[in-house]
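Working notes, beginning with the structure itself.
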Amino acid sequence: MTNNNMILEAKDITKKFPGVLANDHVNFDLHKGEIHALLGENGAGKTTLMNILYGLYRPDSGEVRVKGEATVIHSPKDSIALGIGMVHQHFMLIPVFTVAENIMLGDETVRHGMLDRKTVAAKIKDLSQRYGLDVDPQALVGQLPVGVQQRVEIVKTLYRDAEILILDEPTAVLTPQESDDLFRIMRELTRRGVSIIFITHKLKEVLAVADRITVMRAGQVVGTTQPADTDEDKLAAMMVGREVILTVKKGSAEPKDVVLQVENLQVQDDRGLDIVRGVSFEVRAGEILGIAGVQGNGQTQLAEALTGLRPVKSGKFILADKDVTGKPPRPITQTGLGHIPEDRQRHGLVLPYTVADNMVLCSYYLSPFARNGIIQQSAVDSNARQLIQEYDVRTPSPYVPTFKLSGGNQQKVIVARELSRPIKLLVASQPTRGLDVGSIEYIHKEIVAMRDRGLGVLLISAELDEIMALSDRIAVMYRGQIVATVEVGKVTREQLGLLMAGITPEKIAA
Amino acid sequence: MDWRRFGIILFIISIMFGIVVLIGITQNSPFVIITSMLATTIAVATPLTLGALSGIFCERAGVVNIGIEGMMLGAAFFGWLASLYMNSIFHFSTMPSLIVGVIAAMLSGGLFALLHAVLSITFKVDQIIGGTVINILAIGVTGFLNRQLFFESGSVFGGQVPHSPGVLPSIRIPLLADIPTFGRIFEQQPITVAALILVVITHFILFKTRWGLRTRAVGEHPRAAETVGINVVRTRYINVIIGGMIAGLGGAYFTLQSVSSFEPLMTNGRGFIALAAMIFGNWTPFGAWAAALVFGAAQALQINLQFFRELIPAQWAFLQNSYLVGLAPYILTMLILTGLIGKTTPPAADGQPYEK
Amino acid sequence: MQRGSDRRLTKGLKRLLYSLYVPLLAVLTSIILGGLIIKAVGGDPIAAYRGLLEGAFGTPRALSETAVWATPYIFAGLAVAVAFKGGLFNIGAEGQLAFGAVTAALIGYALPVWLHTDIPAFIHIPLAVGLGVLAGALWAAIPGALKAYTGGHEVINTIMMNYIALNITSFLLNGPMKNPDPLNLSARTPDIAASARIPPIFPDLRVHWGFVLALLVAGLMWWLLWKTTLGFEIRTVGANPDAAKYAGINVKRIIVLTMAISGALAGLAGAIEVTALNYRHELGFSIGYGFDAIAIALLGKSNPFGVVLAAILFGAMRNGATRMQFLTQIPVDIISVIQALILLFVAADAIIRFIYRIRAREERVVLTRGWGG
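Structure below.
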């Protein structure tokens, strides 16, 4: 490797946030025309490093060299000028703008003081033909499917003549098949001299597409390796610093009575479009039904409808022999439903409230926590102390505001609250999203334990591995419908991937 | 601006015009009445139009501004004060004094807006509270200075209100103003004409220029704008200040165009109604102008009913009562905010402080 | 158990002291700036402030007048504070207060006439005050319901309701409810019957039992917000409406209820002014209370006890200002400027923290959640 082959180097980068050392003397480099994967858990410091390279954060110390020259990147403007482009995990697109407007934004062509949309559209057409990235400049971005939006993001960087492309968790929102398509595009780009930093926490993808792999953990670089020299287990060990159990230990399920019966349920999204389109399934006591699917196929709205947070358009669902279709949340929870919501900070917690208050959020009005409309503080306090101990919530006291807890402990507050109530069914939506490995293991164990105690569990997760590890049966959702329900163990990852893309065995046969 | 909304606006305006025509028909021809109503409507809609445009600049960039009322009140006072200074202390003649007054009004509107920008963008104060601070500050400062300068001996004006330079004269639009009967519509005072021109200019800036594209991007998704190298904070500051200057021009309407005096609290909620016009106009300049005309028509109705007071039939006696007829714009505003006559969508990041 | 609550007590005390920090510095800074303004217009700030203090606290009479001023401020400040706790911005205290006052006045002077009989005070007073409270509650429940069921933003709606209230009271006080005495030229009601009047506490001073009631109501609001399930629901809706819905709280009902409670307190302010002080309602009396109430609620950090302190401060300033104007010819309107500055610094506590280098420790208020519609 000669030095002029080195297109980007980050040397000894350190970045502190209040209470967190996000990057601790990190070294990272990128060769011309390679795909260099940056692997690590959530919170390992990958995104921080990339935001530094892209000029969104300034490092506390360390140096960035682009094409061998030391540079200071003050803002995205500087990084764009240096030929760096970034596709963020959450797309940086404006839904009400057209594709052309999104692409030209910040780098507009102007004629006679007016935006020159024609020239821009021509340039986009040209780019999309050259790289095989088909996009329509006139389309409104908000109406495009996620995969196409990602293409728009890539075209946006190419429009600015990017030579270095940073892709931050690009496959999080894609089906396995769409991901393969993305990998094809990535290889095509490198063939034309673009260098790519590929950020992910998915081991299989790294092994499939990367030329080199750098692993980060807790703000530090653990090591750099090549796909030929490693495998999934080794990478996983590097990521978390110890051997991890990728599977959850659990016995076989002993399903009993049906606790949740869903019949032909239809639900609309915020814009009034049908997003859950006639879903039927049942969950029995003592089993975990996993709902697999790429994000945005109606799982979120399904969970919201079942928990009373979203109105039902038609169909019905029966919880513990009681029809609670379209009821508000309270009667549903009282019938015996526990809910670990997808967005814990938005729905699950009142962040400024104390841990103790959050632990009675769904039962503050019931005895012993309230009598005649008056809150019984001592009961609230002793409840909190008991749950903190039982569920190992790491908090200095029950009276600290909940926003001071780590993500994992915030989630434990919710889990403790929901599981301590008398429930028959647990709806767990993305229960481990964004958590550290320790908390993930703990919550997985709790969910299995509840199943073994005879609880029905509806698990909704975008992580296929989580679904496969926990579920007894798996229902695959695609475009608002359940395209298949399968017994776990009788299906492979690949088959599930096809189902998640809407390709059913019948379709393949046809 | 969709056609349904345009139809609703036309319908409401026709009802209000219709009432006056029906009442006044025994004394005047319908054409004369309609012309007079239209001319008044356009004129009294001026501060609402300008207030709504001010709101559009701020909110398209993502800053909610409920301080427009205060900005207009402050500008009305300081514009008037500047014209008095010019006229009675520096002995400028009428027109130069008034022009200096208008400029001063716009500058003071811009200064109030700068304060709002500092509060809401730099210090990330809740924007509604920030706007309320502007409103209260404007009432306090204008009330205090009004008393101190004009009613306390020892001030530059010797404790009395000096002779004012009057109001801005009307402009006749050539040819159009010569049309018989209807020509009166095209004879309007300068701030009204400026407001109409600003509607067109604002539309052009927002939807045809680079600045407009970037402004809208900042109001929709500031982080996305930042990642393509746009300075979110600077863009917001400039738009809020432009908005403040336009509100300032709206303030000048009260003391330099409509009447030639200042009264405490004289903006009388127009800044808030302007926000409703902005919302009903779906944050577009032409839409906001059309909505402002609805409120203008309600006010024109009140004025013309006073004029035809004796002709109002007994069973419609409540129309004689200006307090009750005066409720119309406020009730209309509330109806519009219910969204029952058409849903609107604000810029996605409206009201959210930008954290890097 | 005991130790936990002890620790909570000391923590609470610490938090209380800390929360006084910023408001006190905001008041101090505003008074200094106000002094500079007085200086700039050619006055003597020291003399002016001495006059202000003398007028507010110098004599028993001054103290009594300060309490008289503070009474409606406490009620109206609590009104805004309760709404804040529920995540609502009630700019309409002024209109709600006006309706409370008009209703109390009507019951006060007209009821004995309608019934052709005298009414005992123990019935007449509670009836006049109670219906005034109800009028305020209903007037505020309208924008509350519009917010809950149509999404119409309460900020603009409560302002519109102020103008509507002003127009309607103008109509009433110039028409059906105008004092028919031929010598009366102003827009005001007849005086209320003696049986509807709340007596003063001391024979020669104007301070009345309404002030005591205000203090009691402040305590009651603290209890309601922090010790009852309803208070828990109001605060939860205010802190995180999505989580409130998740927790099974009927968010829409709580929004309407919170606005009604807020309006009831504002209506109480108006009813007490009529029945305990003015004995009639006069046009223009309510103007300005709405904004003062916002300033008081923000200065008091939406805490009922903080509101009482802030209301007494504002009452003292308004009361002392007359003496200040008499002694130094500085117009009383300077108080509005100082109050606006206080509000500015309290709202933008970041500025105060910036000036005095204090670290932030609290969550901020969030009211701006975009427009409905």
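Residue numbers (my numbering), protein chains in the order written: chain A, 1 to 510; chain B, 511 to 866; chain C, 867 to 1239. Idealized CB from N, CA, C, for every residue including glycine.
**OP:** Put Phe667 (chain B) into one of helix, strand or coil per three-state DSSP.
**Re:** In the structure shown, Phe667 (chain B) falls within a coil segment according to DSSP collapsed to helix, strand and coil.
**OP:** Note down, in chain order, every chain A residue with its Cβ under 8 Å from the Cβ of Arg733 (chain B).
**Re:** Simply Met92.
Original post:
Taking C-alpha atoms, which residue in A:Glu41, A:Ala462, A:Leu351 and A:Ile474 lies nearest to Asp1108 (chain C)?
Top reply: Of the candidates A:Glu41, A:Ala462, A:Leu351 and A:Ile474, the one whose C-alpha sits nearest the C-alpha of Asp1108 (chain C) is A:Leu351.
Subject >> Cβ-based burial, Ala827 (chain B) [other Cβ within 10 Å; buried from 16] >> reply: Burial state of Ala827 (chain B) is exposed, judged by a 10 Å Cβ sphere holding fewer than 16 other Cβ atoms.
Original post:
Any idea what DSSP makes of Ser461 (chain A), helix, strand or coil?
Top reply: Ser461 (chain A): coil per DSSP, three-state reduction.
Original post:
If you follow the beta strand (DSSP E) that Tyr478 (chain A) is part of, which residue opens it and which one closes it?
Top reply: Run containing Tyr478 (chain A): Arg473 to Tyr478, per the beta strand (DSSP E) assignment.
**OP:** Going by CA-CA distance only, name the one from C:Leu883, C:Ala971, C:Thr876 and C:Ile903 that's closest to Ser1202 (chain C).
**Re:** When each option's Cα is compared against that of Ser1202 (chain C), the closest is C:Ile903.
Original post:
Alpha carbon to alpha carbon, how far is Gly1136 (chain C) from Pro1170 (chain C)?
Top reply: So the alpha carbons of these two residues sit roughly 19 Å apart.
Original post:
When you check each C-beta in the segment 1187-1201 of chain C against every C-beta of chain B, which residues fall closer than 9 Å?
Top reply: The residues in question are Gln1195, Ile1196, Pro1197, Val1198, Asp1199, Ile1200 and Ile1201.
Original post:
I think Ala571 (chain B) touches Gly729 (chain B), with their Cβ atoms under 8 Å apart; what is that distance to the nearest whole Å?
Top reply: Between Gly729 (chain B) and Ala571 (chain B) the Cβ distance is about 5 Å, and since that is below 8 Å, they are a contact.
Original post:
Considering only residues of the same chain and omitting the five flanking positions on each side of Leu1164 (chain C), which have a CB-CB separation below 7 Å?
Top reply: Beyond the five residues adjoining it in sequence on each side, Leu1164 (chain C) comes within less than 7 Å, by CB distance, of Leu1209, Val1212 and Ala1213 in the same chain, given in chain order.
Original post:
Can you pull the DSSP bridge partners for Met581 (chain B)?
Top reply: Residue pairing by DSSP places Met581 (chain B) in no beta bridge whatsoever.
Original post:
Helix or strand or just coil, what does DSSP make of Arg1063 (chain C)?
Top reply: DSSP places Arg1063 (chain C) in coil when its eight states are reduced to three.
Subject >> is_contact[Val907 (chain C), chain B] using C-beta, thresh 8 Å >> reply: Yes, its Cβ sits closer than 8 Å to a Cβ of chain B.
Original post:
First and last residue of the alpha helix (DSSP H) that includes Gln299 (chain A)?
Top reply: For Gln299 (chain A), the uninterrupted alpha helix (DSSP H) run begins and ends at Gln299 to Leu306, by DSSP.
Original post:
Is Ile576 (chain B) helix, strand or coil when you go by DSSP?
Top reply: When secondary structure is reduced to three states using DSSP, Ile576 (chain B) falls in the coil class, being assigned neither helix nor strand.
**OP:** Check the C-beta distance from Ser471 (chain A) over to Val488 (chain A) and give it rounded, since I have them as a contact under 8 Å.
**Re:** Between Ser471 (chain A) and Val488 (chain A) the beta-carbon gap is near 5 Å, inside 8 Å, which marks them as a contact.
Original post:
Listed in chain order, which residues of the segment 1095-1111 of chain C have Cβ atoms closer than 9 Å to some Cβ of chain A?
Top reply: From the segment 1095-1111 of chain C, only Thr1095, Leu1096, Gly1097, Phe1098, Glu1099, Arg1101, Thr1102, Ala1105, Asn1106, Asp1108, Ala1109, Ala1110 and Lys1111 have a Cβ closer than 9 Å to chain A.
**OP:** Compare the beta carbon distance of Thr712 (chain B) and Pro795 (chain B) with 8 Å and say whether it is the shorter of the two.
**Re:** Yes, they are a contact pair.
Original post:
Just the Cα atoms here: how many angstroms apart are Val530 (chain B) and Ala787 (chain B)?
Top reply: Going by C-alpha positions, Val530 (chain B) is about 23 Å away from Ala787 (chain B).
Original post:
At which residues does the alpha helix (DSSP H) containing Phe717 (chain B) begin and terminate?
Top reply: Phe717 (chain B) -> alpha helix (DSSP H) spans Pro700 to Lys718.
Original post:
In whole angstroms, what separates the C-alpha of Ile689 (chain B) from that of Gln1191 (chain C)?
Top reply: In a straight line, the C-alpha of Ile689 (chain B) is about 58 Å away from that of Gln1191 (chain C).
Original post:
Can you name the start and end residues of the beta strand (DSSP E) that Leu929 (chain C) belongs to?
Top reply: First-last for Leu929 (chain C): Pro926 to Lys951, but that is the alpha helix (DSSP H), not the beta strand (DSSP E).
Original post:
From Ile715 (chain B) to Gly1002 (chain C), what distance separates their C-alpha atoms?
Top reply: Distance between the alpha carbons of Ile715 (chain B) and Gly1002 (chain C): 45 Å.
Subject >> chain A within 8 Å of Ala1126 (chain C), Cβ atoms only >> reply: No - not a single Cβ of chain A is within 8 Å of the one on Ala1126 (chain C).
Subject >> Unbroken stretches of the alpha helix (DSSP H), 4 residues or longer, contained in the segment 822-858 of chain B >> reply: DSSP runs (the alpha helix (DSSP H)) wholly in the segment 822-858 of chain B: 832-835 and 838-847.
Original post:
Based on the DSSP secondary-structure assignment, which residues constitute the bridge partners of Leu8 (chain A)?
Top reply: Answer is A:Leu30 and A:Val66, bridged to Leu8 (chain A).
**OP:** Return no unless some Cβ of chain B is closer than 8 Å to the Cβ of Ala937 (chain C).
**Re:** The sequence shown places Thr at residue 937 (chain C), not Ala. No - not a single Cβ of chain B is within 8 Å of the one on Thr937 (chain C).
Subject >> For Met755 (chain B), the first and last residue of its enclosing alpha helix (DSSP H) >> reply: DSSP places Met755 (chain B) inside the alpha helix (DSSP H), whose first and last residues are Val742 to Ala762.
Original post:
When the Cα of Leu617 (chain B) is compared with those of B:Gln809, B:Gly653, B:Thr642 and B:Gly584, which residue comes out closest?
Top reply: When C-alpha distances from Leu617 (chain B) are compared across B:Gln809, B:Gly653, B:Thr642 and B:Gly584, the shortest belongs to B:Gly584.
Original post:
Tell me which same chain residues have a C-beta within less than 7 Å of the C-beta of Ile35 (chain A), skipping the five on either side of it?
Top reply: Cβ within range, chain order: Met186, Thr190, Ile196, Phe198, Val209, Ala210 and Asp211.
Subject >> Counted within 10 angstroms of its Cβ, other Cβ atoms place Thr876 (chain C) as buried (16 or more) or exposed >> reply: Thr876 (chain C) should be labelled exposed.
Original post:
Under a CB-based cut-off of 8 Å, is Lys1118 (chain C) close to chain A?
Top reply: Under the Cβ criterion of 8 Å, Lys1118 (chain C) is not counted among the residues facing chain A.
**OP:** Would you mind stating whether Thr1094 (chain C) and Ile52 (chain A) have Cβ atoms separated by less than 8 Å?
**Re:** Cβ distance not < 8 Å, so Thr1094 (chain C) and Ile52 (chain A) don't count as in contact.
Original post:
DSSP three-state call for Leu38 (chain A): helix, strand or coil?
Top reply: In the displayed model, Leu38 (chain A) falls within a strand according to three-state DSSP.
Original post:
Candidates A:Gly326, A:Pro398 and A:Val486: which alpha carbon is nearest Val355 (chain A)'s?
Top reply: Looking at the Cα atoms, A:Pro398 is the closest of the given residues.
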